[in-house]
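Line by line, the protein sequences are chains A and B. Taking my numbering, I'd label the letters of the first sequence as residues 98 to 273. Taking my numbering, I'd label the letters of the second sequence as residues 98 to 273. We put the beta carbon where it would ideally sit given N, CA and C, even for glycine.
There are 2 protein chains.
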Amino acid sequence: MASSVVSCQIRRVEARPVFTIDHILGLDLNRPELRTVPLKLYRPWAGKILFVSNHTILNGEHLLMIKQKEDAHDFNGKPQFRPTESFSRTLNWYIGRRPRTAFSNEQIEVLESVFLINSYPGIGIREELAQRLLLDEDRIQIWFQNRRAKLKRSHRESQFLMVKKSIGDLEEKEEE
Amino acid sequence: MASSVVSCQIRRVEARPVFTIDHILGLDLNRPELRTVPLKLYRPWAGKILFVSNHTILNGEHLLMIKQKEDAHDFNGKPQFRPTESFSRTLNWYIGRRPRTAFSNEQIEVLESVFLINSYPGIGIREELAQRLLLDEDRIQIWFQNRRAKLKRSHRESQFLMVKKSIGDLEEKEEE
DNA sequence: TTCTAATCTAATAAC
DNA sequence: GTTATTAGATTAGT
Numbered sequence: 098m099a100s101s102v103v104s105c106q107i108r109r110v111e112a113r114p115v116f117t118i119d120h121i122l123g124l125d126l127n128r129p130e131l132r133t134v135p136l137k138l139y140r141p142w143a144g145k146i147l148f149v150s151n152h153t154i155l156n157g158e159h160l161l162m163i164k165q166k167e168d169a170h171d172f173n174g175k176p177q178f179r180p181t182e183s184f185s186r187t188l189n190w191y192i193g194r195r196p197r198t199a200f201s202n203e204q205i206e207v208l209e210s211v212f213l214i215n216s217y218p219g220i221g222i223r224e225e226l227a228q229r230l231l232l233d234e235d236r237i238q239i240w241f242q243n244r245r246a247k248l249k250r251s252h253r254e255s256q257f258l259m260v261k262k263s264i265g266d267l268e269e270k271e272e273e
Numbered sequence: 098m099a100s101s102v103v104s105c106q107i108r109r110v111e112a113r114p115v116f117t118i119d120h121i122l123g124l125d126l127n128r129p130e131l132r133t134v135p136l137k138l139y140r141p142w143a144g145k146i147l148f149v150s151n152h153t154i155l156n157g158e159h160l161l162m163i164k165q166k167e168d169a170h171d172f173n174g175k176p177q178f179r180p181t182e183s184f185s186r187t188l189n190w191y192i193g194r195r196p197r198t199a200f201s202n203e204q205i206e207v208l209e210s211v212f213l214i215n216s217y218p219g220i221g222i223r224e225e226l227a228q229r230l231l232l233d234e235d236r237i238q239i240w241f242q243n244r245r246a247k248l249k250r251s252h253r254e255s256q257f258l259m260v261k262k263s264i265g266d267l268e269e270k271e272e273e
């Protein structure tokens, strides 16, 4: 399990954490007057975070805008990054990946049944499944992609086992 | 441009073409009493189609259910597959891919602006963009995937040009 | 034709 | 084990 260290600085204050496209678009980067505070973030999937200022996170070449809930100061009276629980949650949401979908048994059953018959459903069938199963069409598409990968994997594994078995048979014969 | 040939047969009749998961799930395959008629289908992306009976298309290992609009007969009085315009459209919809999304200039502008800042937007930013731009979140995701591929392509091309230019420079020098 | 949206595979991350 | 994301290669629509 990897984790990244982020250096931070606070400059201004907002009522609630705000993460908006406006902020992303309105960003100006040219204010490097910083005192920084380390912040641990569990997000190994998005590369290395370089630093966080009052409303920005630099993430390698990439960048995110944020605003902080309250003004925070360290012992020297300098502003300090002190993420709240809700702030961290929101941050993780904005940085992170889609929450894992938990398919119900019934949904899986239907998807598997369709997969048996057609493992490459077109847009129409995907849409119909989505409506029927109360899922997004895109989740259906991803499910079929992953299901095909699984099938291929199991195929490869069974072939490997067959090769292994025939080698074993050969060796048995040699011992006779 | 490839195209597949499908052999077909009609057995029963319905008011309109019907493509349902119910049919896919309720399918029984064991009735191979067929006279077939070729049908051209433009769908090279989904593998080879083997045949169509009154309500099925066999597509390699895969399979789709269909029903035909009207009874059709050939000169011998045998049922024949005669797809109507609307039937073919529906068929293509069910077999085919998602209709190509046409992004507006304004949408592209915003997406490009965000891409400049963050080419790997997390689920939160994607959702926010989707809401803001009246697009599905997964279209946003695909757009960023394709945009990253384009960037990489142009990167490779400019590198190629630079190498080519320096070779050219070298050759010029040698001529002196 | 060129550009790019959509799809696929394979590998890998995350939970 | 299974869902989500990525890069990279293709296919195909405008």
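The alpha-carbon of F200/B is positioned some 10 Å away from that of R236/B. Between Y191/A and G265/B, the beta carbon gap of about 47 Å keeps them out of contact (Cβ cut-off 8 Å).
Residue environment analysis places N215/B among the buried positions, since at least 16 neighbouring C-beta atoms fall within 10 angstroms of its C-beta. The C-alpha of H252/B is placed about 34 Å away from the C-alpha of R244/A. When DSSP states are grouped into helix, strand and coil, E273/B belongs to the coil group. Interface annotation, I237/A: not in contact with chain B, CB-CB separation never under 8 Å.
When 8 Å is used as the limit between beta carbons, W190/B is near these residues of chain A: G219, I220, G221, in chain order. A check of alpha carbon separations from I239/B across T198/B, N189/B, G193/B identifies T198/B as the nearest. With at least 16 other beta carbons inside 10 angstroms of its own, L226/B counts as buried. Distance from the CA of R250/B to the CA of S263/A, rounded to the nearest whole angstrom, comes to 46 Å.
Per DSSP, the continuous alpha helix (DSSP H) segment holding N202/B begins and ends at 202-214. Collapsing the DSSP output to three states places Y217/B in coil. Q256/A is positioned such that its CB atom lies no closer than 8 Å to that of L230/A. For G265/B, no CB of chain A lies under 8 Å from its own CB, so it is not counted at the interface with that chain.
When the Cα atoms are used, L248/A and L208/A turn out to be separated by approximately 14 Å.
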